[in-house]
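Engineer: Got a structure here, written out as structure tokens. Questions coming.
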Amino acid sequence: MNSVEPLSWPEIRTVLLDMDGTMLDLHFDDVFFRQTVPGAYARKHGLTFEAARDVVLESYQEQQGTLAWYDLDHWSSRLGMDMRRLKEEVAHLIRVHPHVLPFLQAVRESGRAIHLVTNAHPYSLDMKLVRTPIGACLDSVITSHEVGWAKEQAPFWPALTARLGLDPRTTLLVDDSAPVLAAARAFGIAHLRQVLHPNSGAPPNPVGQFPSIVDFRDLGLPS
Ligand SMILES: [Mg+2]
198 MNSVEPLSWP
208 EIRTVLLDMD
218 GTMLDLHFDD
228 VFFRQTVPGA
238 YARKHGLTFE
248 AARDVVLESY
258 QEQQGTLAWY
268 DLDHWSSRLG
278 MDMRRLKEEV
288 AHLIRVHPHV
298 LPFLQAVRES
308 GRAIHLVTNA
318 HPYSLDMKLV
328 RTPIGACLDS
338 VITSHEVGWA
348 KEQAPFWPAL
358 TARLGLDPRT
368 TLLVDDSAPV
378 LAAARAFGIA
388 HLRQVLHPNS
398 GAPPNPVGQF
408 PSIVDFRDLG
418 LPS
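Read left to right, the sequence shown gives residues 198 to 420 (the working numbering).
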């Protein structure tokens with residue numbers, strides 16, 4: 198089902214990698230948002246899990262695609278619960294996807310720059326960086342909270358490009374989010390790959406409008 202399109206590595210100088218669902222298993226975030234948070238909300242308000250889940254999932258939809266959606270403290274005040282503490286309850290589920298670390302090492306050895314570019318809240322980011330070895334392979338880590346726009350919003354990309362001094366023509370973005378890839382493509386990021394299997398606890402997503410990979414082996418290794 199997935200026909201892998203080889204990357205033109207000689208044309209790529211900079212690699213931008215998303216974190217959740219791309220380098221790390223989205224299973225953690227999925228369990229947190231769909232089970233941990235509704236469960237805690239149910240206990241707080243004396244609701245059934247199903248009733249609490251309806252309320253919580255509806256409130257997620259209000260903010261989708263905005264920076265507020267990714268803001269843990271926004272959700273703490275919106276839902277009246279300490280989201281930072283709740284995240285710690287499922288932190289044991291934080292995991293690097295297979296084949297990511299050898300890829301990071303090979304890209305570094307090839308002399309290319311690697312930047313982690315994420316919508317994750319700085320607290321979630323720190324939680325993940327202390328529990329995984331990915332940080333050691335990165336040149337820099339940028340959150341959309343510092344940039345002021347979410348990655349799926351058009352102004353994010355010129356702001357990021359200016360900040361990192363990127364050449365969009367020689368930049369690769371790997372991300373699991375189609376709206377993020379679409380915003381990057383509209384700005385002119387030339388090399389795009391969509392991760393089709395962000396969550397090990399769910400089946401892979403169908404192939405969409407972007408060249409795709411199932412795991413990092415499909416990116417090949419730069420020479
Ligand atoms: Mg992602």
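The beta carbon of each residue, even a glycine, is placed where N, CA and C say it ideally should be.
1. Hey, is G218 close to ligand 1, as in C-beta under 7 Å from one of its heavy atoms?
2. May I have a chain-ordered list of the alpha helix (DSSP H) segments no shorter than 4 residues that lie completely inside the stretch 359 to 408?
3. For S341, which residues does DSSP report across the bridge?
4. How is the alpha helix (DSSP H) around A237 delimited, first residue to last?
5. Just list the residues that DSSP pairs H296 with in beta bridges.
6. Between N396 and A347, which are expected to be in contact by the criterion C-beta below 8 Å, what is the C-beta distance as a whole number of angstroms?
7. Does the distance from the C-beta atom of V411 to that of L389 stay below 8 Å?
8. Since I believe F300 is in contact with L429 (beta carbons under 8 Å), could you give me their beta-carbon distance rounded to a whole number of angstroms?
9. Could you give the distance in angstroms between the alpha-carbon of M198 and the alpha-carbon of R240?
10. Quick one: any contact between the stretch 304 to 324 and the stretch 267 to 286, if contact means 3 or more CB pairs under 8 Å?
11. When you measure from the CB of S374 to every non-hydrogen atom of ligand 1, does any distance come out below 7 Å?
12. Are at least three pairs of beta-carbons, each pair with one atom in the stretch 274 to 284 and one in the stretch 331 to 339, less than 8 Å apart?
13. Taking a contact to mean a Cβ-Cβ separation below 8 Å, would you say I339 touches R360 in this structure?
Structural biologist: So, from the listed chains and residues:
1. yes
2. 375 to 384
3. Its beta-bridge partners do not exist; DSSP assigns none.
4. V234 to H242
5. None; H296 has no bridge partner.
6. In fact, because the Cβ distance is near 20 Å, the residues do not count as touching under 8 Å.
7. no
8. The shown model of the chain, from 198 to 420, leaves out residue 429, and the question about it has no answer.
9. For M198, the predicted structure reports a pLDDT of 45, less than 50, and the residue's modelled location is therefore unreliable. The matter cannot be settled from this model.
10. yes
11. yes
12. no
13. yes
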